[in-house]
Structure formats: C-alpha cells, structure tokens
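2 is the number of the first residue of the sequence shown in UniProt numbering; add one for each residue after it.
Don't be surprised by glycine CBs; every beta carbon is placed ideally from N, CA and C.
The next block holds one structure in the form of structure tokens; read it before the comments.
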Amino acid sequence: TRTPVNVTVTGAAGQIGYALLFRIASGHLLGADVPVRLRLLEIPQAVKAAEGTAMELDDCAFPLLSGIDIFDDAAKAFEGTNVALLVGARPRTKGMERGDLLEANGGIFKPQGEAINAGAADDVKVLVVGNPANTNALIAQSHAPDVPAERFTAMTRLDHNRALAQLSKKAGVSVADIKKMTIWGNHSATQYPDIFHAEINGKNAAETVNDQAWLENDFIPTVAKRGAAIIEARGASSAASAASAAIDHVHTWVNGTAEGTWTSMAVVSDGSYGVPEGLISSFPVTTKDGKWEIVQGLEINDFSRARIDASVNELAEERDAVRKLGLI
Ligand code: NAX
2 TRTPVNVTVT GAAGQIGYAL LFRIASGHLL GADVPVRLRL LEIPQAVKAA EGTAMELDDC
62 AFPLLSGIDI FDDAAKAFEG TNVALLVGAR PRTKGMERGD LLEANGGIFK PQGEAINAGA
122 ADDVKVLVVG NPANTNALIA QSHAPDVPAE RFTAMTRLDH NRALAQLSKK AGVSVADIKK
182 MTIWGNHSAT QYPDIFHAEI NGKNAAETVN DQAWLENDFI PTVAKRGAAI IEARGASSAA
242 SAASAAIDHV HTWVNGTAEG TWTSMAVVSD GSYGVPEGLI SSFPVTTKDG KWEIVQGLEI
302 NDFSRARIDA SVNELAEERD AVRKLGLI
C-alpha cells in the first residue's frame, strides 16, 4: 500500500472547509488510489467545530482516509505536509480599511509561511484560497525562503470555472467543448477573464461568439462579480463551488493539464506578459509532472492589455501596501 499523503487544511471548520474535506477524503484531490492523512488547522475557538467535522469524516468510513489530526498551532499543522490548502483568513468586516485587512491577514499568513518553511515536506505544494488570496500567498511565500517560490500558488480556478460556465451558456455548448480559457491578474473584481485565446470545439471563442457588447457588458462583469451575486442570492458566500475549484486546482497541478488546453492559476511571475517579476498573478498555465509553466507567446490585443494592466496594477499596489506594513 502507498504511504499516505499529508494534506493540511486551514480554516477547516469554515464553510469551504466543510465542503472541501469530504472530497479530499473520498479521493477527489489526489486520486482514487492515494491515501490521505488530514491535518486540520483552526483558531482555538473553532477547534471544537473542527472536531465535529472530523467525527463526520470518521462516520463516512472513507477507505482512503488514514487519519485526522486537529491543531491550533501552525507549526504543528504544517509538519510533514505535502499539500497545504490555506483557506482560513480574516474577512473584511464593517469599517475595516484595506490596510487593516492586509495587516490582519499578514498576521495569519506570515506565521503560516514560516511554519511551512520550517516543517513542510520537501515536495510541499501550497494553494492559498483565503482572501485577498494573491497577496496572502505573496506574504506566505516571502516567509518561506527555503521553499521554491513556484510552490506557492493562489486560487483563480473558481473564476476560470465561472468563465467556462458563462461562455458555455452563451454558445450553447458543454463546458467540455471549451479549451484555453484564461483568467489574468488578481482574484478580485479587477480580474480579466479572456476569451480571445479560448476555443469552442477547436474554433476561436471570441470569433465564434462575435458579440463585443456581451463580452464587455455581460461576460466580464458577470464573472468578476459572481461572488457578490452568490452572496446576494444565497445569503452566504460561495462554498461548494470554491471547494470544487480548490480540488480542481490541486488535481490539475499534480496530474497535469490535457494536451491542447491549459488552466488558470495565480503563480509567481517571471516577468511574462509584462507582469512584474515576483507578483503572484493569474496566468494561463500548463502543468506536467507536478510542475506548472506559464503559456508563452500569446498575442495580447489592446482590449486585453488594458484589462490585464489594471488588475496587475492592483496587485502591485497590494504588494507595496504589505511591504510598507513590513509584512514582506
Ligand atoms: P468561513 O468564515 O466560513 O471560514 C473561515 C475559517 O477560517 C473559520 O472557521 C475561521 O475560524 C478559520 N480561521 C481564521 N483564522 C485562522 C487561522 N489563523 N488559522 C486557521 N484557521 C483560521 O469562510 P469560508 O467561506 O470558508 O471562506 C474562507 C476564505 O476563502 C475567505 O477568505 C474567503 O474570502 C475566501 N474565498 C476565496 C475564493 C477564491 O476564489 N480564491 C472564493 C471563495 C471564498 O470567498
């Protein structure tokens, strides 16, 4: 039998955690033949709720789940971890300025980065889901100097999947008929979902749809503001879809993208497409053998350029703000 893979999930007692843990334990994260050992991290007040979730996980009798440990100490939670899903974060509350939000999250992601640096397994892969996800990932990464920077990623797969869903409805096709969707930039309202390189059954998606008004006034804002629309409708933020996207992100990273397509991940920039080196920004990426690569050589038209620049500028501002706060 295979050695279990250690998967650490922070914010385990939260609503995304509740949707995520059962799918990890049932084999959807790493595969139907890979046993997992869960390491859950919560704040002390939420440990009891995490214990309740762990009881339910036990009660599912998942054959692949070889154990669950619960911690309120990051150093312990990341010991030996192979896959770290950083979901727990400090949400923006009333009256909080952006600086306050970044500072509060710095207080979470700095020690978690240090703990990953000190104790994680050599092959650790990190996905940051907790918002502001790109900048939280940058904070954690900058406090883990011994871990290759490319192991720290942030989630834009939910945005990617939302874009696939919207385009499939517009074109009257299945999401499986769409390839090469791209989300650029920040996981925020400035993100840019790009269909100029996407393909529907092998034909260029923008040309197939041929509706600039829909693209500008419907598609882009619908994808970018979907999170707010879910809150409005459901009375709570996206949880099952966010968990599903986290599963997709890690599964694709580990198992590779299919020939002839790519996915979207926020990864550390090497300067590609004019994105300043070091920013954790969403790009089109292919994956193979557990490694990602930014898709090179795409032609960026003026429409796309302006939108990519706007989102990347926001990321640079967030980086400058956390630098000023001494968080990176
Ligand atoms: P919840 O508030 O339901 O759960 C968050 C959990 O994190 C809580 O149980 C809390 O106790 C825990 N937590 C707080 N600080 C912690 C710490 N230092 N260590 C460990 N655990 C800690 O939020 P939920 O709906 O689960 O969302 C979690 C995060 O995902 C939020 O930051 C949210 O904004 C973000 N999202 C990111 C998305 C993305 O696409 N990147 C989409 C969905 C979601 O909005």
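State the CB to CB distance for the pair residue i and residue j, rounded to an integer number of angstroms; the pair is presumed to be in contact (CB under 8 Å).
i, j, result
"residue 86", "residue 6", "Their Cβ separation, rounded to whole angstroms, is 12 Å, which puts residue 86 and residue 6 out of contact at 8 Å."
"residue 1", "residue 54", "Since the displayed the chain opens at 2 and closes at 329, residue 1 lies outside it and no answer follows."
"residue 113", "residue 75", "5 Å"
"residue 228", "residue 312", "With a Cβ gap of about 15 Å, residue 228 and residue 312 do not count as contacting."
"residue 247", "residue 58", "The pair is not a contact, with the Cβ atoms about 17 Å apart (cut-off 8 Å)."
"residue 287", "residue 296", "6 Å"
"residue 17", "residue 243", "5 Å"
"residue 124", "residue 83", "6 Å"
"residue 309", "residue 274", "7 Å"
"residue 117", "residue 141", "7 Å"
"residue 158", "residue 249", "5 Å"
"residue 15", "residue 88", "6 Å"
"residue 73", "residue 115", "Residue 73 to residue 115, Cβ: 16 Å. No contact."
Just how far apart, CA to CA, sit residue i and residue j?
i, j, result
"residue 136", "residue 92", "14 Å"
"residue 79", "residue 254", "20 Å"
"residue 303", "residue 33", "44 Å"
"residue 239", "residue 222", "17 Å"
"residue 191", "residue 220", "13 Å"
"residue 1", "residue 69", "With the chain represented from 2 up to 329, any question about residue 1 goes unanswered, as that position is not in the structure."
"residue 10", "residue 314", "30 Å"
"residue 328", "residue 318", "14 Å"
"residue 138", "residue 257", "22 Å"
"residue 40", "residue 189", "29 Å"
"residue 230", "residue 305", "24 Å"
"residue 177", "residue 30", "20 Å"
"residue 48", "residue 237", "22 Å"
"residue 143", "residue 284", "20 Å"
"residue 119", "residue 126", "14 Å"
"residue 145", "residue 162", "30 Å"
"residue 175", "residue 165", "9 Å"
"residue 35", "residue 128", "19 Å"
"residue 225", "residue 95", "22 Å"
"residue 38", "residue 64", "11 Å"
"residue 196", "residue 122", "38 Å"
"residue 299", "residue 208", "16 Å"
"residue 67", "residue 282", "35 Å"
"residue 56", "residue 234", "31 Å"
"residue 307", "residue 276", "12 Å"
"residue 62", "residue 167", "37 Å"
"residue 280", "residue 110", "16 Å"
"residue 81", "residue 71", "14 Å"
"residue 205", "residue 194", "15 Å"
"residue 173", "residue 108", "46 Å"
"residue 252", "residue 265", "13 Å"
"residue 241", "residue 23", "11 Å"
"residue 19", "residue 160", "20 Å"
"residue 278", "residue 60", "47 Å"
"residue 170", "residue 316", "31 Å"
"residue 301", "residue 4", "45 Å"
Tell me the DSSP bridge mates of residue i?
i, result
"residue 285", "265"
"residue 248", "Bridge partners of residue 248: none, in fact."
"residue 215", "Answer is none; residue 215 lacks a bridge partner."
"residue 208", "Answer by DSSP bridge pairing: none, since residue 208 is not bridged."
"residue 274", "Answer is none; residue 274 lacks a bridge partner."
"residue 193", "185"
"residue 117", "BP columns for residue 117 are empty, so no partner."
"residue 87", "11 and 129"
"residue 180", "200"
"residue 70", "40"
"residue 292", "289"
"residue 1", "Here the chain covers residues 2 to 329 and nothing more, so residue 1 does not appear."
"residue 153", "127"
"residue 6", "37"
Specify whether the region 264-278 and the region 142-157 touch according to this definition: at least 3 beta carbon pairs, one from each stretch, less than 8 Å apart.
-> yes
Per the contact definition of three or more C-beta pairs closer than 8 Å, is the region 175-188 in contact with the region 258-267?
-> yes
Three or more beta-carbon pairs under 8 Å between the region 320-328 and the region 96-112, yes or no?
-> yes
Contact between the region 200-220 and the region 122-136: three or more CB pairs below 8 Å?
-> no
Given 8 Å as the limit, is there contact between the region 285-298 and the region 206-218, that is, 3 or more CB pairs closer than that?
-> no
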